[in-house]
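**Q** Residue numbers (our numbering): 1 to 302.
1) Have a look at residue 279 and residue 268 and give me their C-alpha separation to the nearest angstrom.
2) State yes or no: is the C-beta of residue 255 within less than 7 Å of the C-beta of residue 237?
3) Here's the rule: buried if 16 or more other CB atoms are within 10 angstroms of the residue's CB, otherwise exposed. What is residue 16?
4) Can you tell me whether residue 210 is helix, strand or coil according to DSSP?
5) On the premise that residue 37 lies in contact with residue 97, defined as a C-beta separation below 8 Å, what is that separation, rounded to the nearest angstrom?
6) Taking the alpha carbon of residue 320 as the point to measure from, which residue in 19, 131, 89, 74 has its own alpha carbon closest?
7) What residue range is occupied by the uninterrupted alpha helix (DSSP H) comprising residue 221?
8) Can you find the residues in the same chain that come closer than 7 Å, C-beta to C-beta, to residue 13, ignoring five residues on each side of it along the sequence?
9) Using CA coordinates, which residue listed in 213, 52, 198, 1 is at the minimum distance from residue 220?
10) So, are the CB atoms of residue 158 and residue 135 less than 7 Å apart?
11) Considering just the uninterrupted stretch of the alpha helix (DSSP H) at residue 149, what are its terminal residues?
12) Per DSSP, which residues does residue 20 bridge with? Please list them.
13) For residue 257, which residues does DSSP report across the bridge?
14) Just to confirm before moving on: does the CB-CB distance between residue 19 and residue 33 stay below 7 Å?
15) Give, in chain order, every unbroken run of the beta strand (DSSP E) that is at least 3 residues long and sits entirely within the segment 98-182.
16) For residue 21, count neighbouring Cβ atoms within 10 angstroms of its own Cβ and tell me buried if that reaches 16, exposed if not.
17) Determine, for residue 267, whether the minimum Cβ-Cβ distance to residues of chain B falls below 7 Å.
18) Between the C-alpha atoms of residue 192 and residue 155, what's the straight-line distance to the nearest angstrom?
19) Would you tell me roughly how many angstroms separate the C-alpha atoms of residue 91 and residue 218, rounded to the nearest one?
20) Just confirm the distance between the C-beta atoms of residue 147 and residue 177, as a whole number of angstroms; I'd bet it's less than 8 Å.
21) Counting C-beta neighbours from all protein chains within 10 Å, is the total for residue 315 16 or more, i.e. buried, or is it exposed?
22) Can you pull the DSSP bridge partners for residue 251?
23) Give the DSSP bridge partners of residue 65, in chain order.
24) For residue 75, does the three-state DSSP call read helix, strand or coil?
25) Using three-state DSSP, classify residue 263 as helix, strand or coil.
26) Assign residue 26 to one of three DSSP states: helix, strand, or coil.
27) Would a C-beta distance cut-off of 7 Å place residue 252 and residue 243 closer than the cut-off?
28) With distances taken from CA atoms, which of 126, 170, 163, 140 is nearest residue 51?
29) Distance, Cα to Cα, residue 60 vs residue 164?
30) Which two residues bound the contiguous beta strand (DSSP E) that contains residue 88?
31) State the DSSP-derived secondary structure class of residue 39, mapped to helix, strand or coil.
32) Applying the 10 Å Cβ sphere with the 16-neighbour rule, what's the burial state of residue 129?
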């Protein structure tokens, strides 16, 4: 049984759920994710894991409310039992393939936007446990929407904030702040790991490439947006189509065709929106027919 141990609302649209699942907690590695069904009637949802505890036998999931199904999951109460929980899914981060000493001697920078902060947090916690403290550049629309600030500060070496409205840290996009950081760094970063919207990751990749710094793009946020009912989310990497769910979610950023990925994601969201409207129309038709039937029955009774 996958029992909700704790539910915590971070913002108006973001909630974390700590779930008791000893097997997944013992097996999961940084970069992996899970799929969840709140009830038998709900669709399967992909969710990022922002932390886990082998001792407690639990993992912590992040739920961003974007539709009725994610809202239902976000509002599920403590002690409730999830109908289905699958994982760990996807390939682990390439960081897990490195020796501890190699990581400790490396300079790593995470760039995260929105729910990308959850993805960065899980990897940075793992790194901190082996004695490696990375830097992070984290951004949001405004200060109140910044996720996991205190948690990130505890496991990082340096943290840099950027907001679109200037309410916290740098006023402007992540790539501009990254450019400023790279200009003043005496020792360059060995690797940058980006997680967030595709345009952001593309801009970070272009900026970092100018300094000869490799970038790993984590496509978990895009995987969460993809509707599984329309098939797997595939992207072009090194000219070959890759299934993000099974071959990702991380890829060398320079190998990606960001425009193709954005186009595929937009198409999927467009189809999902059309189906949602169609479903609403069908519900309205059924409701109207029911109302007409009720009226006819009432007239007969009169």
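All residues carry an ideal CB built from backbone N, CA and C; glycine is no exception.
**A** Result, derived from the coordinates:
1) Any answer about residue 279 is weak, because its pLDDT of 44 lies below 50 and its placement is not dependable; what the coordinates show is given next. Going by the C-alpha atoms only, they are around 16 Å apart.
2) yes
3) buried
4) coil
5) No, residue 97 and residue 37 are not in contact; Cβ-Cβ is about 32 Å, not under 8 Å.
6) Residue 320 lies beyond the residue range present for the chain, which begins at 1 and ends at 302; the question has no answer from this structure.
7) 220-225
8) 64, 65
9) 198
10) yes
11) 149-155
12) 3, 58
13) Beta-bridge pairing links residue 257 to no other residue.
14) no
15) 108-113, 135-140, 159-163
16) buried
17) Absent from the structure: chain B. Only one protein chain is present.
18) 17 Å
19) 11 Å
20) Not really, about 17 Å apart at Cβ, beyond 8 Å.
21) Nothing about residue 315 can be reported from this structure: the residues present for the chain run from 1 to 302 only.
22) 217
23) DSSP output for residue 65 lists no bridge partner at all.
24) coil
25) helix
26) helix
27) no
28) 126
29) 28 Å
30) 84-89
31) coil
32) exposed
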